[in-house]
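A.B. asks: In my numbering, the protein residues as written are 59 to 447.
A virtual CB, placed ideally from N, CA and C, is assigned to each residue, including glycine.
Sharing a structure below in structure tokens format, with a few things to ask.
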Ligand code: SF4
């Protein structure tokens, strides 16, 4: 039994979408009718379970994130009920960040004031592109105009804190197309932006097309040129890169995601949601678990037992140290060498001798007690991270 009083983050998974994007490997499902009421009831019941758990009871919530799937398929009243239950179960920090992900295809002018009134204070919109050709290629249900309209609605509803996602390095995409996307993005003066390069994840239609040679990825040089254009354009607009794919005005970074990268505790509620408790016990350095992925089986398990956990993993020292580094090195400020040493008994370079080679190769650097990826290292981050897994 572990008693920790540190604040934690809460993730709520809404697994339903209007259609499935061909690149998506998230736990998202398209159904004839979304069982909003039953699924909301299951979330409330699961929350009740953790309210009674020694690991979480009485701890303060620092951020809440409704992710998916498409949380904006749910009515403000359902989101409000969930938030009410959370605040009954746990104390919320006075400036608790409460984010809801929205798909422009589900945005209308009535829901967003409702989400705000329910307590949501940050919206993250899946824009992906403002180019009709690319939206069609990505299989998005929204048009470029609907994307723009969604951002107008979010701002008119009074959300000063909002973010949106862009996807780059699409097959055939030109630098000029990317530049056009970045320019439109900046017209909205977003306090936060995420830019992800397209990947072909196993099990997705895009992966199948890629394997059969019908889809060709950009060359590494083309991807690097795009990543550099993004960083320069956003930097000129005052948006600092604080994580590999995330940019923010000073003070506007995502607290919820920072908690993941800083190895903080989080509780995931809903189908397929993941949780993590970092407290050490015995020889273990943390525990992670995940819920049943199928929404139907998740609801059945909750109705039956109040929980729906299917996988649990205890992290040993080596695994926990690797995670600490590959998550922390995603942030441009890097990881505190002192924090690493006090948790794992050795400096990062003594734990992973390869770090010295990467420092010599100008892929990493150590400044003011923080180990971080250099500009070149950030461009090649994935090939470094596999070494920690
Ligand atoms: S809207 Fe998002 S979660 Fe849903 S299928 Fe598309 S990428 Fe996946």
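Would you be able to state if there are at least three C-beta pairs under 8 Å between the region 423-442 and the region 386-396?
C.D. replies: Yes, since at least three Cβ pairs between the region 386-396 and the region 423-442 fall closer than 8 Å, the two stretches touch.
A.B. asks: Is the beta carbon of residue 156 less than 8 Å from the beta carbon of residue 139?
C.D. replies: For the purposes of this step, residue 156 is taken as residue 98 along the chain shown, with counting starting at 1. For the purposes of this step, residue 139 is taken as residue 81 along the chain shown, with counting starting at 1. Taking 8 Å as the Cβ cut-off, residue 156 and residue 139 do not qualify as a contacting pair.
A.B. asks: Within 8 Å, do at least three Cβ pairs link the region 261-271 to the region 80-95?
C.D. replies: Yes, the region 80-95 touches the region 261-271.
A.B. asks: In the DSSP assignment, find the unbroken beta strand (DSSP E) run with residue 416 in it and report its ends.
C.D. replies: Numbered from 1 along the chain shown, position 358 holds the residue referred to as residue 416. Per DSSP, residue 416 belongs to no beta strand (DSSP E); it is in the alpha helix (DSSP H), 412-418.
A.B. asks: Quick check: the region 193-207 against the region 108-128, are there 3 or more CB pairs under 8 Å?
C.D. replies: They do not touch, by the three-pair rule.
A.B. asks: Suppose contacts are defined by Cβ-Cβ distances below 8 Å. Is residue 224 in contact with residue 185 by that definition?
C.D. replies: Within the chain shown, numbered from 1, the residue matching residue 224 stands at position 166. Within the chain shown, numbered from 1, the residue matching residue 185 stands at position 127. Result yes, Cβ atoms of residue 224 and residue 185 sit closer than 8 Å.
A.B. asks: From residue 343 to residue 377, what distance separates their C-alpha atoms?
C.D. replies: In the chain shown, the residue the question calls residue 343 occupies position 285. In the chain shown, the residue the question calls residue 377 occupies position 319. The straight-line gap from Cα to Cα measures roughly 9 Å.
A.B. asks: Provide the residue span of the alpha helix (DSSP H) that contains residue 433, from first to last.
C.D. replies: On the chain shown, residue 433 is found 375 positions in, with the first residue counted as 1. From DSSP, the alpha helix (DSSP H) with residue 433 extends over 433-437.
A.B. asks: Note down the Cα distance separating residue 306 from residue 210, rounded to an integer number of angstroms.
C.D. replies: To locate residue 306, count along the chain shown from 1; it is residue 248. To locate residue 210, count along the chain shown from 1; it is residue 152. Spanning the two alpha carbons is a distance of roughly 19 Å.
A.B. asks: Determine the closest residue to residue 242 out of 226, 188 and 144, with distance taken between C-alpha atoms.
C.D. replies: The sequence position of residue 242 within the chain shown is 184, counting from 1. Comparing Cα positions, the closest option is 188.
A.B. asks: Assuming residue 125 and residue 74 are in contact, meaning their beta carbons sit under 8 Å apart, how far apart are those beta carbons, in whole angstroms?
C.D. replies: Here residue 125 refers to the residue found at position 67 of the chain shown. Here residue 74 refers to the residue found at position 16 of the chain shown. That belief does not hold up - the Cβ atoms of residue 125 and residue 74 are roughly 12 Å apart, past 8 Å.
A.B. asks: Between residue 66 and residue 325, which are expected to be in contact by the criterion C-beta below 8 Å, what is the C-beta distance as a whole number of angstroms?
C.D. replies: Here residue 66 corresponds to residue number 8 of the chain shown, with the count starting at 1. Here residue 325 corresponds to residue number 267 of the chain shown, with the count starting at 1. Their Cβ separation, rounded to whole angstroms, is 6 Å, which keeps residue 66 and residue 325 in contact under 8 Å.
A.B. asks: Kindly indicate which three-state DSSP category residue 121 falls into: helix, strand or coil?
C.D. replies: On the chain shown, position 63 is the one that residue 121 refers to. Three-state result, residue 121: strand.
A.B. asks: Could you give the C-beta distance for residue 349 and residue 330, rounded to a whole number, given that I count them as a contact under 8 Å?
C.D. replies: For the purposes of this step, residue 349 is taken as the residue at position 291 of the chain shown. For the purposes of this step, residue 330 is taken as the residue at position 272 of the chain shown. Residue 349 to residue 330, Cβ: 6 Å. Contact.
A.B. asks: At a cut-off of 7 Å, would you count residue 78 as near ligand 1, judging by its Cβ distance to the nearest heavy atom?
C.D. replies: Residue mapping note: residue 78 aligns to position 20 of the chain shown, counting from 1. Yes, ligand 1 has a heavy atom inside 7 Å of this Cβ.
A.B. asks: Opposite residue 148 in the DSSP bridges: which residues?
C.D. replies: Reading the chain shown from its first residue, position 90 is the one you call residue 148. Paired residues: none, contrary to the question.
A.B. asks: Whole angstroms is fine: what's the gap from residue 244's alpha carbon to residue 110's?
C.D. replies: To locate residue 244, count along the chain shown from 1; it is residue 186. To locate residue 110, count along the chain shown from 1; it is residue 52. For residue 244 and residue 110, the distance between alpha carbons rounds to 45 Å.
A.B. asks: Do residue 256 and residue 292 come within 8 Å of each other at the CB atom, strictly closer than that value?
C.D. replies: Indexing the chain shown from 1 puts residue 292 at position 234. Indexing the chain shown from 1 puts residue 256 at position 198. Their beta carbons are not under 8 Å apart, which means residue 292 does not touch residue 256 by this criterion.
A.B. asks: Taking its Cβ as the centre, do 16 or more other Cβ atoms sit within 10 Å of residue 328, making it buried, or is it exposed?
C.D. replies: Mapped onto the chain shown, residue 328 falls at position 270. Result: buried.
A.B. asks: How should residue 142 be labelled, buried or exposed, when 16 other C-beta atoms within 10 angstroms of its C-beta is the threshold for buried?
C.D. replies: Translated into the one-based positions of the chain shown, residue 142 becomes position 84. Counting Cβ neighbours within 10 Å, residue 142 comes out exposed, since fewer than 16 surround it.
A.B. asks: Give me the Cα-Cα distance between residue 112 and residue 232, rounded to the nearest whole angstrom.
C.D. replies: Here residue 112 corresponds to residue number 54 of the chain shown, with the count starting at 1. Here residue 232 corresponds to residue number 174 of the chain shown, with the count starting at 1. In a straight line, the C-alpha of residue 112 is about 53 Å away from that of residue 232.
A.B. asks: According to DSSP, is residue 346 helix, strand or coil?
C.D. replies: Locating residue 346 in the chain shown gives position 288, counting from the first residue. Of the three classes helix, strand and coil, the one that applies to residue 346 here is strand, per DSSP.
A.B. asks: Compute the Euclidean distance between the alpha carbons of residue 270 and residue 229, then round it to the nearest angstrom.
C.D. replies: Taking the first residue of the chain shown as position 1, residue 270 is located at position 212. Taking the first residue of the chain shown as position 1, residue 229 is located at position 171. Distance between the alpha carbons of residue 270 and residue 229: 14 Å.
A.B. asks: Taking the alpha-carbon positions, what's the residue 72 to residue 346 distance?
C.D. replies: In the chain shown, residue 72 corresponds to position 14, counting from 1. In the chain shown, residue 346 corresponds to position 288, counting from 1. Residue 72 and residue 346: Cα-Cα distance of roughly 20 Å.
A.B. asks: What does DSSP give as the partner residue(s) for residue 277 in the beta ladder?
C.D. replies: Within the chain shown, the letter at position 219 stands for residue 277. Its beta-bridge partners do not exist; DSSP assigns none.
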